[in-house]
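Numbering-wise, the UniProt record's numbering puts 206 at position 206 of the sequence shown, and it's gapless, one number per residue.
The beta carbon of each residue, even a glycine, is placed where N, CA and C say it ideally should be.
Contents: one structure, followed by commentary.
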Amino acid sequence: MSQSEQNGLTYSDAGVDIDAGNLMVEKIKPHVRSTRRPGADGEIGGFGGLFDLKAAGFTDPVLVAANDGVGTKLKIAIDADKHDTVGIDLVAMCVNDLVVQGAEPLFFLDYFATGKLDPDQGASIVAGIAAGCRDAGCALIGGETAEMPGMYAGGDYDLAGFAVGAAERGQLLPAGDIAEGDVILGLASSGVHSNGYSLVRKIVGLSGLAWDAPAPFEAGTEGATLADVLMTPTRIYVKPLLKVIRETGGIKALAHITGGGFPENIPRVLPKHLAAEIDLSAVKAPAVFSWLARTGGVAATEMLRTFNCGVGMIAVVPADRADSVTAALVAEGETVFRLGRMIARNAGAPGVVYEGTLAL
Numbered sequence: 001m002s003q004s005e006q007n008g009l010t011y012s013d014a015g016v017d018i019d020a021g022n023l024m025v026e027k028i029k030p031h032v033r034s035t036r037r038p039g040a041d042g043e044i045g046g047f048g049g050l051f052d053l054k055a056a057g058f059t060d061p062v063l064v065a066a067n068d069g070v071g072t073k074l075k076i077a078i079d080a081d082k083h084d085t086v087g088i089d090l091v092a093m094c095v096n097d098l099v100v101q102g103a104e105p106l107f108f109l110d111y112f113a114t115g116k117l118d119p120d121q122g123a124s125i126v127a128g129i130a131a132g133c134r135d136a137g138c139a140l141i142g143g144e145t146a147e148m149p150g151m152y153a154g155g156d157y158d159l160a161g162f163a164v165g166a167a168e169r170g171q172l173l174p175a176g177d178i179a180e181g182d183v184i185l186g187l188a189s190s191g192v193h194s195n196g197y198s199l200v201r202k203i204v205g206l207s208g209l210a211w212d213a214p215a216p217f218e219a220g221t222e223g224a225t226l227a228d229v230l231m232t233p234t235r236i237y238v239k240p241l242l243k244v245i246r247e248t249g250g251i252k253a254l255a256h257i258t259g260g261g262f263p264e265n266i267p268r269v270l271p272k273h274l275a276a277e278i279d280l281s282a283v284k285a286p287a288v289f290s291w292l293a294r295t296g297g298v299a300a301t302e303m304l305r306t307f308n309c310g311v312g313m314i315a316v317v318p319a320d321r322a323d324s325v326t327a328a329l330v331a332e333g334e335t336v337f338r339l340g341r342m343i344a345r346n347a348g349a350p351g352v353v354y355e356g357t358l359a360l
């Protein structure tokens, strides 16, 4: 008799429940189905997801891919037992990186790893992913759920997302004609989005507040807890930006303001001989950022290189198109700030320079 027959061990005894995984797949199928779009209409469960570029309406496309995670914002989700919105964050962090290149997000895949699979928790997370995909207009065509006892403790889990988009050849951003005098517009963020949460959690620890304490900084959110406001999902800018790009032709470049803030993200889309001059007094920072800065004693320069500080996306537009592009974005539901302009940049000079003071 073999050792395994003597012990009668099963995979479940080792901490992996195949039945729980199968149950989760059944629970998420309606969510996945809700994300169908032209080019993707298959069911999950195969060995790979399929997408038909021709059916999506492209003739000579260039594919653009991006991947990201949610970072330690997941720790707040776990500690506050609030799992229904982190999937939106996961999608947002990927698809916002696609649209800045002028690409339409087509499909999304997720990776969900946990120490002990809870099918209801997993289904809640995937429901959020599906909601983000619907908002971005992309199909959730597959993913991976990994139950990994010994790698993740208790109810801990991690998420990774992978998105692929497309643009017709010759229509990618940034355009090659960004020039001195072009105007910089900022699109308002929904809050902290999904960057800087290791610092956020440290500041919350210093404050002594529990996650279920009333939010100490948001007027107009009566009844909201600290966790509710800090878990506000990352804004997805895809549909408004794609519409304005296509209908106005007035956007030369876009930059997603993620970790690194203005100074790290804006120069990524600029030619080396130009810099972004930002008027910080034009930034309308939500009260959560003032609370974080005040409670943590965080300097304005550190805030600007860690958080979005109220601006989740910037657009570079010709000066004579700034008003019309702003109006088009506002018509699509965006809040827009006129942040500054493009200026000449000397060798060795920073790619972002500031005027005014950030109101924190």
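Item: Residue of G261, F162 and D110 minimising C-alpha distance to G186; Value: G261
Item: Closest residue to F58 among L280, I28, P105 and N308 (Cα-Cα distance); Value: P105
Item: Touching by the beta-carbon criterion (3+ pairs, under 8 Å), the segment 145-155 and the segment 195-214; Value: no
Item: Cβ neighbour criterion (16 or more within 10 Å) applied to Q3; Value: No answer about Q3 holds up, because its pLDDT of 48 lies below 50 and its placement is not dependable.
Item: Per-residue burial, E334 [other beta carbons within 10 Å of its own, 16 or more giving buried]; Value: buried
Item: C-beta neighbour in chain B for I245, strict 8 Å; Value: This model lacks chain B altogether; it includes just one protein chain.
Item: Per-residue DSSP class, three states only, for P214; Value: strand
Item: Cβ shell of D52 (< 7 Å), same chain only, five flanking positions each side left out; Value: G39
Item: Beta-carbon proximity list for I78, same chain, < 8 Å, skipping 5 on both sides; Value: G155, D156 and Y157
Item: Cβ neighbour criterion (16 or more within 10 Å) applied to R268; Value: exposed
Item: Three or more C-beta pairs below 8 Å linking the segment 246-253 and the segment 160-176; Value: yes
Item: 8 Å contact criterion, which E247 and A328 should meet: CB distance rounded; Value: 7 Å
Item: Short Cβ contact (8 Å threshold) for G142 with V288; Value: no
Item: Whole-angstrom C-beta distance between A163 and Y111, which should lie under 8 Å; Value: About 12 Å separates the two Cβ atoms, so there is no contact after all.
Item: Spatially closest choice to D120 from M342, H31 and A56, by CA coordinates; Value: H31
Item: Reference V99; option with closest CA among K239, G170 and F337; Value: K239
Item: Cβ-Cβ distance between L90 and G21 below 8 Å; Value: no
Item: CB of V64 within 8 Å of CB of A14, strictly; Value: no
Item: Host beta strand (DSSP E) of N67 (start-end); Value: P61 to G69
Item: Nearest-angstrom beta carbon gap, L358 and V283 [assumed within contact, 8 Å]; Value: 6 Å
Item: A130 versus S34 - alpha carbon distance; Value: 7 Å
Item: Same chain, Cβ closer than 6 Å to A213, five either side skipped, listed in chain order; Value: L226
Item: Helix, strand or coil at A277 [DSSP, three-state]; Value: Residue identity check: residue 277 is Glu in the sequence provided, not Ala. If DSSP states are grouped into helix, strand and coil, E277 belongs with the strands.
Item: According to DSSP, residues forming a beta bridge with H110; Value: Correcting the residue type first, residue 110 is Asp in the shown sequence and not His. DSSP lists G143 and G161 as partners of D110.
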